[in-house]
């Protein structure tokens, strides 16, 4: 079982590391994501050490006879429990902060409400954990402790579950209106549904780890679900920045049959997730075709709201200027032909 946990932890972290590194642009949310990745690594290491140790959580139906060596081992295990819990909280709430920073570019009101709720939950949960549930604080690693709240931490787990799951639901619902409004191909929508499914899996993992913590406090199932929750949370928060990679992997194509480019990224999704999303009115003539294509079919004003919504800062556009030049010729006595300047101040001399 210990090898299984190490293998699963390594696989999850490798995937998470690749996803996080692939989206780096070194903005504010990127820095937070790096910190979250480091805290997740600390969480995985602590969990794997804890997996081989015992804590001060003692089965009252089968109380063991403790030797000094047993007490020392359980003391270390109890300290690891504290580290695991704090690294888990730090990782999950940093991911929430990253997502809220992304949404702040477009969903300002919803973001403020969700950010306020998440911050309130984090502060209250930490105050209760460090200053209320177990006193004195050193009882968290005392063997045996003077209260079940210092070993099983039932009150803390309930508080964590309430604020963690509810804030996750709040955050995952923010981009749903944009997702429902965008008009994209069915295949692309299925891929985006997969992203939301991963988000709901993260919530399911949070529910599962608390379920096993309550129903099997002396078992180890909750450990695996801690790994899965933190890892999938990091992956979900970074996948929207890898839209190009996702398109390539699923071979999503444009209506013309060629592989999609960045210009085919749904504007609503880019606005909800992308860097530097801005509200810009494009009132120039825009072409998405090549230079060899017919100007009459490629050049057109963006006169519909859907067109205006489609293009954003994240969409690389080709902008061409059509220049009409009229040339008037006249013959001089010397036989040479000259032209008068055109309205574009361009003149030609024909010998």
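Numbering (the UniProt record's numbering), first residue to last: 1 to 351.
Backbone N, C-alpha and C define an ideal beta-carbon position, used for all residues, glycine too.
Keep in mind that this is a model prediction, so the values were computed, not measured.
- Judged by DSSP in its simplified three-state form, residue 20 adopts helix.
- The shortest CA-to-CA distance from residue 31 to any of 101, 183 and 124 is the one to 101.
- The Cβ atoms of residue 57 and residue 218 lie closer than 8 Å to each other.
- Residue 41 holds the alpha-carbon nearest to the alpha-carbon of residue 228 among 22, 41 and 35.
- Shown here, residue 73 sits in a helix according to DSSP, grouped into three states.
- Between residue 33 and residue 238, the CB-CB gap stays under 8 Å.
- Here residue 222 carries a helix assignment [DSSP, helix/strand/coil].
- Taking C-beta atoms as the reference points, residue 77 and residue 104 fail to come closer than 8 Å.
- Pairwise C-beta distances place the region 155–173 in contact with the region 115–124, as three or more of them are shorter than 8 Å.
- At the C-beta level, residue 178 and residue 94 stay beyond 8 Å of one another.
- Put simply, the backbone Cα of residue 79 is about 20 Å away from that of residue 6.
- DSSP places residue 134 outside both helix and strand once states are collapsed to three, so it counts as coil.
- By the neighbour-count criterion, in which a residue is buried when 16 or more other Cβ atoms sit within 10 angstroms of its Cβ, residue 240 is buried.
- Assigned with DSSP and collapsed to three states, residue 66 falls in coil, not helix or strand.
- In this structure, the CA atom of residue 47 is about 42 Å from the CA atom of residue 185.
- In the structure shown, residue 82 adopts helical secondary structure according to DSSP, grouped into three states.
- Residue 234 is positioned such that its CB atom lies no closer than 8 Å to that of residue 81.
- The three-state secondary structure of residue 54, taken from DSSP, is coil.
- Straight through space, the alpha carbons of residue 16 and residue 22 are spaced by roughly 10 Å.
- Taking one beta carbon from each stretch, the region 193–206 and the region 147–154 have fewer than 3 pairs nearer than 8 Å; the two do not touch.
- Residue environment analysis places residue 132 among the exposed positions, since fewer than 16 neighbouring C-beta atoms fall within 10 angstroms of its C-beta.
- The Cβ atoms of residue 84 and residue 113 lie no closer than 8 Å to each other.
- With fewer than 16 other CB atoms across the displayed protein chains lying within 10 angstroms of its CB, residue 215 is exposed.
- Under a 10 Å Cβ-count criterion, residue 52 is classified as exposed, with fewer than 16 other Cβ atoms of the shown protein chains found around its own Cβ.
- Setting aside the 5 residues that flank it on each side, residue 168 is surrounded in the same chain by 203, each with a C-beta closer than 6 Å to its C-beta; the list follows chain order.
- Between the alpha carbons of residue 64 and residue 223 lies a gap of roughly 23 Å.
- Within the same chain, and ignoring the five residues on either side of residue 164 in sequence, the residues whose Cβ sits closer than 8 Å to its Cβ are 92, 121 and 206.
- Judged by DSSP in its simplified three-state form, residue 203 adopts helix.
- Shown here, residue 145 sits in coil according to DSSP, grouped into three states, outside any helix or strand.
- Secondary structure note for residue 240: it is in no alpha helix (DSSP H), with a DSSP letter that is neither H nor E.
- As the crow flies, the alpha-carbon of residue 176 is around 10 Å from that of residue 182.
- One Cα belongs to residue 156, the other to residue 125, and the distance between them is close to 7 Å.
- In this structure residue 143 is in contact with residue 75, their Cβ atoms being roughly 6 Å apart against a cut-off of 8 Å.
- Here residue 69 is exposed: its Cβ has fewer than 16 other Cβ atoms, across all protein chains shown, within 10 Å.
- If you check the CB distance, residue 98 and residue 29 come in under 8 Å.
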